[in-house]
Amino acid sequence: MPFLQAAPVLSNQYLDDRVLRSYLRRVLPPAVLGAIEGELTDLGEFAATAWTQARERGRCEPKLTQWSAWGERIDRIELTPAWQAAQPLAARYGLVAAGYDSAHGAAARVHQFAMVYLFHCASEFYTCPLAMTDGAVTALKASGNRRLLDRALPHFLNRDPQQFWICGQWMTENAGGSDVAGTETVAREENGRWRLYGRKWFTSAINAQAALALARPAGAAAGSDALALFYLEPQKADGRWRNLVLDRLKDKLGTRELPTAEIHLDGAPAELVGEPRHGVRQIAPMLNITRTWNAIGALATMRRCIALARDYANRRVVFGRPLAEQPLHQDTLAGVQAEFEAAFHLTFYVTELLGRAQIGQADEAQQNLLRLLTPLIKLWTGKLAVAIAAESCECFGGAGYLEDSGIPQLLRDAMVWPIWEGTSNVQALDFLRAFRTAGGLTPLLSAQRTILSQVQAKELEFCVRVAREGATQITEWLQKASAGERDRLEAGARDVAIGLARVMALSLLARHAEWALRAENDPRPAAAARRFAERPLLRLRSDGARDAQMLASDSY
Ligand code: MFK
């Protein structure tokens, strides 16, 4: 008999998702859940079918043709089948529009991100331009620029595939990635219209109909504060580019279906979004939205890895019984599941805050909490998605190392979560920025007190204690570090940010577990909370900076 292994199979990714469904039952009014369950079920089916189709089809990548047969520069991009399918789907489900849909009030963001979470893996990172488009809507709204609001939002928020536009975010340059102060693109006002000159090093989804870009007005000072924010429509109606060329598509570790280009701007027409300075401040609302999408995408990666590994564990028989019945494999899957559930509840809690904030229902403390938690979810879920993708790759043994199993792609794609939209360390420093400007830890500690006061079950006592102790330790560390050298605070910022995310996630998971015990007689979230609380929650060091300086510059 030949040696055969059964491939993992995905069932409907909504109906099969206990964590998502239980969460939605708790937070959404029954009428809202009833109204959206049909589309969530459809997206869950789409996610399962797309996985099978992608395995049958094999890898596809976008193709750039720079020249026509007759020598004309055309820079035409051919999108992958998944991207062609994603565009009309994204429009019809309103994956951007739903986030601003007044019909569901403050629940609009929960609704939107539940759909995005189901859609992400099947979309092969079409969620990237959707995230940027959503961010552009928020940034343009914050700018109050009436002309651009009237011009762009009817497209960005459209549910008709013919009218729907996506938007890019052109920030990164050779000299200015994390630190955009190095931006070299220059904006010149010529005959009453702005034109951009320079080179953008990473432009994701270059096929987008619009883009927001940072550039330095000619003659402006150095530094980031002198940058201005511009709106562009880079292509004419016939598909020709407006004074820009695509030098190449990037050869990336993952996200290879996403057309990321390196471009030269040679007088590309652009429009100022606000005043001709403070561009970083103006684009910041966009960053906070895309970072939330990033966390949702990272969660979707985790969920996909777990769903595949769990299904495979039931099929794969070793040492006389299925992997799913082997204690050590069960323990491995349980650890991963607990981390995922905690991350899920923290991330969706942030979407609840965002939904309230954007319709003016969040008080100042909740707005500050949203500001503080956004870099934390981006940072922690990005790192966690990579760890979970690596662990689940191993769950398939050698098969998980084979390209045509589809598993290595999950790991390679996962590596983007901690990098784009600001690396982990950029998020940690942004957490410090928010800590300094948005009320310190007070909003978070007070929210945590309220959340934990709702947890009474005996089964969760341990979790409540660990979450409280964790918050106290972090508060003390931050108080001490803030009073000392800035280097020490910065050196410890990543650990403290991850610790804080985990403490808050445990509190939220415990609250959900309490509800699930009472309302659904389901002991699994409580098991996840206990398991999560048993893992090391914090890693705070007494002296980060001096040892780090010594070790980082180590040479023989
Ligand atoms: C499915 C999901 C897919 C996700 C889509 C991914 C698409 C991929 C496309 C990209 O990757 S685009 C490139 C993304 N690049 C970054 O995210 C840049 C990373 N670097 C940072 O975030 C730096 O922290 C930053 C560029 C913001 C530093 O700039 P500055 O000018 O040196 O910072 P500064 O002076 O502290 O802040 C300037 C202003 O912005 C301040 O306001 P004021 O002028 O009023 O004082 C800050 O408070 C404000 N600010 C900065 N970050 C903020 C913020 N405000 C609110 N929220 C923030 N996060």
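Here the numbering used here is used: position 147 in the sequence shown is 159, and no number is missing along the way.
For every residue, glycine included, the Cβ atom is placed at its ideal position computed from N, Cα and C.
Quantities reported herein were computed from a predicted structural model and do not represent experimental measurements.
Closest by CA to residue i, which one among the options?
i    : options                   : result
F242 : L256, L224, R500 and I510 : L224
E73  : T53, Q96 and L457         : Q96
A450 : E488, L384 and Q174       : L384
R303 : E283, I275, Q17 and D442  : D442
E51  : S567, N24, L76 and Q439   : N24
Q181 : R553, A62, Q17 and N219   : N219
I89  : P271, R104 and R498       : P271
Q78  : R260, P537 and D534       : R260
E283 : R445, P229, I275 and A234 : P229
R445 : L160, A240, S494 and H123 : S494
A321 : L32, Q421 and A401        : A401
G70  : K248, Y209, L345 and E136 : E136
A369 : A354, G117, Q17 and L208  : G117
E526 : S34, Q17, P20 and I48     : S34
P141 : R477, R424 and E433       : E433
T61  : P100, L299, H123 and A134 : A134
D263 : R424, L40 and L55         : R424
M127 : A541, T53, F544 and A459  : T53
I48  : A249, F125 and Q99        : F125
A59  : K390, A307 and A312       : A312
A531 : W253, R551 and V39        : V39
A354 : W82, L55, L563 and E546   : E546
T487 : T454, A517 and A459       : T454
Would you mind reading off the limits of the alpha helix (DSSP H) that contains residue i?
i    : result
Y129 : A120 to S135
L224 : It is not in any alpha helix (DSSP H) - L224 instead sits in the beta strand (DSSP E) that spans A222 to P229.
T61  : P42 to R69
K153 : T139 to S155
L101 : P93 to Y105
Y35  : R30 to V39
A540 : R536 to E546
With a 10 Å radius around its C-beta and 16 neighbouring C-beta atoms as the bar for buried, classify residue i as buried or exposed.
i    : result
V329 : exposed
F352 : buried
N533 : exposed
S114 : exposed
N129 : Just to set this straight, residue 129 is Tyr in the shown sequence, not Asn. It counts as buried.
Y413 : exposed
P537 : buried
Q65  : exposed
N186 : exposed
T484 : exposed
Y568 : exposed
A273 : buried
Q466 : exposed
R448 : exposed
I371 : exposed
L345 : buried
P41  : exposed
Between the C-alpha atoms of residue i and residue j, what's the straight-line distance to the nearest angstrom?
i    : j    : result
F331 : A319 : 23 Å
G511 : L549 : 6 Å
T197 : A522 : 49 Å
Q468 : A154 : 41 Å
P420 : C405 : 7 Å
N202 : R498 : The displayed chain sequence assigns Glu, not Asn, to residue 202. Between E202 and R498, the C-alpha separation is close to 44 Å.
V569 : Q247 : Nothing in the structure corresponds to residue 569, since the chain is present only between 13 and 568.
R461 : A377 : 14 Å
A148 : W305 : 13 Å
R67  : S417 : 7 Å
A234 : A193 : 7 Å
Y26  : E57  : 7 Å
Q439 : I431 : 10 Å
I275 : W177 : 20 Å
G504 : L107 : 37 Å
V285 : R104 : 28 Å
A240 : C179 : 18 Å
E415 : L422 : 10 Å
I308 : R327 : 29 Å
I463 : R553 : 28 Å
K390 : V428 : 12 Å
Check for me: the beta strand (DSSP E) holding residue i runs from which residue to which?
i    : result
L208 : R205 to T215
R200 : V198 to E202
R88  : R85 to E90
L552 : Here L552 belongs to no beta strand (DSSP E), and DSSP marks it neither H nor E.
A240 : A240 to L244
| Which ranges would you report for the beta strand (DSSP E) in the region 260-327 if only whole runs of at least 3 residues count? | 273-284
| field | Segments assigned alpha helix (DSSP H), at least 4 residues, entirely inside the region 340-419 | value | 376-407
| query | What are the start and end residues of each continuous alpha helix (DSSP H) run of 4 or more residues lying completely inside the region 444-517, in chain order? | reply | Qualifying alpha helix (DSSP H) stretches, in chain order: 454-465, 473-495 and 498-503.
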